[in-house]
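J.: Once you know that position 113 of the sequence shown is 112 in numbering that gives the first Met the number 0, the rest is easy, because the numbers rise by one and skip nothing.
Beta carbons: idealized from backbone N, C-alpha and C, even for Gly.
Nothing here was measured: the structure is a model prediction, and the numbers come from that model.
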Amino acid sequence: MALFGAFCLRTAGLYLVWWVMTEGDSSGLGFGAVIVVLVGLLSCKLYSPSGYALHPLATLRFAGFFMLRSVVAGVDVGRRLLSPSVPVNPGYLTVTTSLPAGGPRWLLANTLSLMPGTLSVRLQGASLELHCLDLDQPIDADVRSAERKIAGVFGLRPAGAGETTP
């Protein structure tokens with residue numbers, strides 16, 4: 000039953016996006032219905048429902064956190080680009096996340112790609128490899144902060160801090 004609910008929700012959301020993209024033009028709604036159903040089925044096949052319930056208030060808090068950190072990231076990278084005197088110490092860092100597999104880890108990896116000076120390179124099991132512009136920055140603290148916010152979105156209790164290795 001969870002799969003049917005996920006299919007219906009995804010299909011409705013996709014149809015709404017289709018309707019907005021076509022500016023409500025009724026000539027494209029029939030074709031859109033076929034495409035939306037196929038994409039809805041494909042999405043359920045490729046990314047089956049996880050069973051996690053999203054918490055609306057925590058999701059709003061995460062959205063604010065994400066937007067703020069994205070702006071900070073843009074300013075930080077711009078400052079480094081325009082001012083050669085700003086120190087850069089690039090390298091790779093591997094962190095171990097305490098988030099469960101599936102949606103929570105995927106969201107963490109993608110969120111960290113938009114954090115100041117980090118880019119997710121590989122997610123393998125609980126290990127997440129990051130490329131960092133400056134290894135001297137408090138990257139681990141940023142990762143743990145994002146983990147806590149994401150745990151809240153999925154209604155999970157934040158586990159103890161994972162490990163970090165250069």
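State the DSSP-derived secondary structure class of Arg121, mapped to helix, strand or coil.
T.: Three-state DSSP puts Arg121 in a strand.
J.: Can you tell me which of Gly12, Leu53 and Pro137 puts its alpha carbon nearest to the alpha carbon of Ala150?
T.: Closest by alpha carbon: Leu53.
J.: Which term fits Arg9, buried or exposed, when burial requires 16 or more other beta carbons within 10 angstroms of its beta carbon?
T.: Buried, by the Cβ-count rule.
J.: Measure the CB-CB distance between Ala145 and Met114 and report whether it falls below 8 angstroms.
T.: Yes; because the gap between Cβ atoms is below 8 angstroms, this pair is in contact.
J.: Between the alpha carbons of Ser69 and Asp24, how many angstroms are there, rounded?
T.: About 35 angstroms.
J.: Hey, out of Arg78, Pro83 and Val142, whose CA is closest to Ala108's CA?
T.: Checking every option, the nearest Cα to that of Ala108 belongs to Val142.
J.: Quick check: the Cα distance between Ser26 and Tyr91, rounded to an integer number of angstroms?
T.: Their backbone Cα atoms lie some 51 angstroms apart in a straight line.
J.: Taking the alpha carbon of Asn88 as the reference point, which residue from Cys7, Thr117, Ala11 and Val94 has its own alpha carbon closest?
T.: For Asn88, the nearest C-alpha among the options comes from Thr117.
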